[in-house]
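In what follows, a structure is listed as structure tokens, so that the remarks can point back to it.
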Amino acid sequence: MARYFEVWVDQTKKAEVIKKLKEICEEVHEVFYDYDVIVRVSEMEEKDLLKIDGVKRVRRHYNC
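Quick note: the sequence shown uses our numbering, first residue 4, plus one each step.
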């Protein structure tokens, strides 16, 4: 089952983090809200996303 997560990114590593997220996530959308990116994943959990260098915080998207 696919889940959406809100992701906060270290701004000094933003380009590298987004590139990595695009490699491993089914969808990646840059947003201009209180978080930087929203991603859709099927096989990953919050802890897996937090292992990516430059990811500061992850939270399950409230609508999904």
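Where a beta carbon is used, it is the ideal one built from N, C-alpha and C, also for glycine.
- The Cβ-Cβ distance between ALA5 and ARG43 falls below 9 angstroms.
- Each of TYR7, ILE55 and ASP37 was checked against the Cα of LYS23, and the nearest Cα belongs to ILE55.
- The three-state secondary structure of ILE55, taken from DSSP, is coil.
- Here PHE35 is exposed, its C-beta having fewer than 16 other C-beta atoms within 10 Å.
- Bounds of the beta strand (DSSP E) holding GLU33 are 30-33.
- According to the DSSP secondary-structure assignment, VAL12 is paired through a beta bridge with VAL58.
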